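Take a look at the structure set out below.
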Amino acid sequence: MAIATGTSGIAAFTPFDGQMMQLALAAARRALGTTAPNPTVGAVIADEKTRTVISVAATDVGGRPHAEPIAIAEAGARARGATMYVTLEPCSHVGKTPPCAGAVIDAGLSRVVIAQEDPDPRVSGRGTTRLREAGIKVDRGLMGVEADWLTRGHILRVSERRPFVQLKLAVTHELTIARGSNGRPVWVTGESARARGHLLRARSDAILVGGRTVADDNPELTCRLPGLTHRSPVRVVLAGNELPPLTSRLALTAREVPVWIMATRRLIEARAGEVGALADEGCRIIEVSEVGGRPWLPSVAEALVAEGTTRLLVEGGPRTWRAFAEAGLADEVILFRAPPRAVEGSSPALPPDAGQLAALLPGLSLDLVDVRDVGNDAMLTYRQS
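Residue numbers (my numbering): 3 to 387.
Here it is in structure tokens:
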């Protein structure tokens with residue numbers, strides 16, 4: 003049986019092709035949050051005749067080396083005559099590393115299956131052309147939708163000068179948000195849901211909260227999953243009228259995990275003493291434009307991209323979620339919803355209806371793409387239509 007791509011002029015794919023691309027996508031998914039400013043790419047080299055996997059690789063930490071040369075090095079001489087499955091078109095330009103298309107050609111691979119074309123103008127179509135000119139059979143479009151979402155941060159950085167934005171919400175079954183006080187958060191979901199939230203942090207380049215959340219919850223915003231603590235993202239504070247206190251967990255740990263404070267010139271000048279003290283503690287103060295007395299979110303997004311951010315996790319609070327939603331700067335929403343009664347044995351949580359969701363996140367048109375139970379809570383994934 004063949005897997006058709008549905009795109010005119012592109013060959014059908016076999017079930018084995020599909021299995022190998024799934025493996026490449028899984029490799030890339032595991033590396034999310036570690037490769038900025040470069041895209042996270044997965045590559046698999048396999049022998050189609052014997053249906054065996056030769057090597058599996060993903061872009062290395064910091065974005066180099068790329069997945070393709072890592073897979074080729076691991077395969078060694080077995081790469082010659084084999085097939086490579088890669089989630090993004092191999093690059094063809096000379097940057098800080100040699101072009102991946104050249105490495106593929108030199109390795110003697112006979113076929114390359116590409117999930118999606120790279121929109122970067124330095125690459126777009128050129129990598130594919132170079133491979134074909136070298137006599138390599140190239141097929142593209144296999145699982146392109148999955149690869150597109152996986153690589154969306156890179157795509158948006160190139161096309162719109164902003165990162166991929168993921169909103170994370172944790173709400174009661176009645177869709178209310180528990181507000182912390184005196185620096186202590188209030189949990190509405192269980193430990194399993196909170197662990198999944200930490201995994202979202204590990205897969206992000208940066209995590210953002212508003213100044214009110216810092217005051218209410220005094221969060222640390224690090225990844226505290228065993229084995230992934232080194233993958234805590236950059237912590238970003240959207241400072242409207244409030245700066246993080248010098249006694250906050252963020253300020254006290256700024257030399258361990260970076261803290262960036264996005265502030266307007268008005269706030270920086272009005273609170274110069276506090277700004278200087280925070281900088282002395284290791285926080286970076288980044289000036290952004292303002293609209294209506296608050297940081298202008300497109301300016302914040304562009305500032306993040308300028309710093310190499312491709313994936314941004316927005317954790318709150320409610321005013322910050324809604325600001326991103328109303329600005330149309332939300333690509334994916336992860337909603338953790340507690341069951342009707344947050345106790346053991348209660349009924350499972352259900353997805354909110356369209357009206358409830360619109361009230362929670364005005365301005366977004368969202369499609370529900372995944373529902374799963376996480377302990378007693380529901381984890382709902384929505385994507386912008």
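The beta carbon of each residue, even a glycine, is placed where N, CA and C say it ideally should be. Bear in mind that the values here come from a model prediction, so they are computed numbers and not experimental data.
- Annotation for residue 140: no alpha helix (DSSP H) segment contains it, though the beta strand (DSSP E) segment containing it runs 139 to 142.
- Listed as beta-bridge partners of residue 318 by DSSP are 211.
- Going by DSSP, residue 257 is part of no alpha helix (DSSP H) at all; its letter is neither H nor E.
- Three or more pairs of CB atoms, one per stretch, sit closer than 8 Å, so the stretch 16 to 35 contacts the stretch 143 to 162.
- If you compare the alpha carbons of 121, 204, 116 and 376 with that of residue 134, the shortest gap goes to 116.
- Cα atoms of residue 19 and residue 235: separation of roughly 34 Å, rounded to the nearest angstrom.
- At the C-beta level, residue 68 and residue 43 come within 8 Å of one another.
- Nearest to residue 222 by C-alpha distance, out of 317, 241 and 304, is 317.
- In the displayed model, residue 63 falls within a helix according to three-state DSSP.
- In the displayed model, residue 297 falls within a strand according to three-state DSSP.
- DSSP places residue 23 inside the alpha helix (DSSP H), whose first and last residues are 17 to 32.
- Annotation for residue 149: 89, 117 and 118 place their beta carbon closer than 6 Å to its own, counting only its chain and skipping 5 residues before and after.
- Distance from the CA atom of residue 126 to the CA atom of residue 120, rounded to whole angstroms, is 5 Å.
- As computed with DSSP, residue 54 is found in a beta bridge with 49.
- By the Cβ criterion, the stretch 198 to 214 is in contact with the stretch 295 to 313, since at least three pairs of Cβ atoms, one from each stretch, lie closer than 8 Å.
- Pairing residue 193 with residue 377 gives a Cβ-Cβ distance under 8 Å.
- Relative to residue 341, the option among 92, 190 and 333 whose CA is nearest is 190.
- In the DSSP assignment, residue 337 falls outside any alpha helix (DSSP H) and lies within the beta strand (DSSP E) extending over 334 to 339.
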